[in-house]
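Undergrad: Each residue of the sequence shown is one higher than the last, beginning at 439 in my numbering.
Have a look at this one before I ask anything.
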Amino acid sequence: MATDQMAVSAARGEVPEAFDEVADRYDLMVAMNPGYHAHLRRSARTLVAGLPAGPVSRVVDIGCGSGASTRALVDELDDSPGRAEVLGVDGSTGMLEQARRRLADVEAAIRNVEGGIYGICETCGRPIAPERLAARPAARTCIDCAP
Numbered sequence: 439m440a441t442d443q444m445a446v447s448a449a450r451g452e453v454p455e456a457f458d459e460v461a462d463r464y465d466l467m468v469a470m471n472p473g474y475h476a477h478l479r480r481s482a483r484t485l486v487a488g489l490p491a492g493p494v495s496r497v498v499d500i501g502c503g504s505g506a507s508t509r510a511l512v513d514e515l516d517d518s519p520g521r522a523e524v525l526g527v528d529g530s531t532g533m534l535e536q537a538r539r540r541l542a543d544v545e546a547a548i549r550n551v552e553g554g555i556y557g558i559c560e561t562c563g564r565p566i567a568p569e570r571l572a573a574r575p576a577a578r579t580c581i582d583c584a585p
């Protein structure tokens, strides 16, 4: 869907569908913005600093997209275990599916670390380049085998 078509679609109240259209490219766009994650971390830090003292039962990230803002909140709250549960909510099933995929990749990377095979391409069995792992720590394939 072209950008001008997405604007018309969004104007008609079809925002979730517009985000579904770009969900598979959203993380690439975010990765191309060098300051994006730094701004998310700063915003999460500000939000957590403004929470009331003591335990907070739940922080809801409305419009969480593919999970980057939710991850920033979780990371910031990790300094206070048990303080709050973070729940990411989005109207776009495409964005939520991207978040689920990312979670599956992170869980697989953790299993690979525990199994002593982190950094090995699941497709060809060769080592994944350190530069790729630095950019995408949960990468499951080398750049040659990447989909």
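Here a beta-carbon is modelled for each residue, glycine too, at the ideal position from N, C-alpha and C.
Model, not experiment: these values are computed from the prediction.
Starting from the Cα of LEU534, find the closest Cα among LEU478, SER507 and CYS562 and give me that residue.
TA: As a first step, residue 534 must be located in the sequence shown, where it is residue number 96. Comparing Cα-Cα distances from LEU534 to each of LEU478, SER507 and CYS562, the minimum goes to SER507.
Undergrad: Just to confirm my understanding: we take GLY526, look at its own chain, exclude 5 residues before and 5 after, and list those with CB closer than 7 Å. What are they?
TA: Working through the sequence shown from its first residue, we reach residue 526 at position 88. Result list for GLY526: ASP499, CYS502, GLY505, THR508 and ALA537, in chain order.
Undergrad: For ASP465, does the three-state DSSP call read helix, strand or coil?
TA: Taking the sequence shown and counting its residues from 1, one reaches residue 465 at position 27. In this structure, ASP465 counts as helix in the three-state DSSP scheme.
Undergrad: For CYS580, which residues of its own chain have a beta-carbon under 8 Å away from its beta-carbon, when the five flanking residues on both sides are left out?
TA: As a working note, residue 580 is residue 142 in the sequence shown. CYS559, THR561, CYS562, ARG564, PRO565, ILE566, ALA567 and ARG570.
Undergrad: Drop a sphere of 10 angstroms on the beta-carbon of VAL497, count the other beta-carbons inside from all chains shown, and report buried for 16 or more, exposed for fewer.
TA: Counted from its first residue, the sequence shown places residue 497 at position 59. Per the 10 Å Cβ criterion, buried.
Undergrad: Would you kindly work out how many angstroms separate the C-alpha atoms of ALA482 and TYR474, rounded to a whole number?
TA: For the purposes of this step, residue 482 is taken as residue 44 along the sequence shown, with counting starting at 1. For the purposes of this step, residue 474 is taken as residue 36 along the sequence shown, with counting starting at 1. Spanning the two alpha carbons is a distance of roughly 12 Å.
Undergrad: Go ahead and pull the three-state DSSP assignment for PRO490.
TA: On the sequence shown, residue 490 is found 52 positions in, with the first residue counted as 1. Looking at PRO490 - three-state DSSP - the assignment turns out to be coil, as it is neither helix nor strand.
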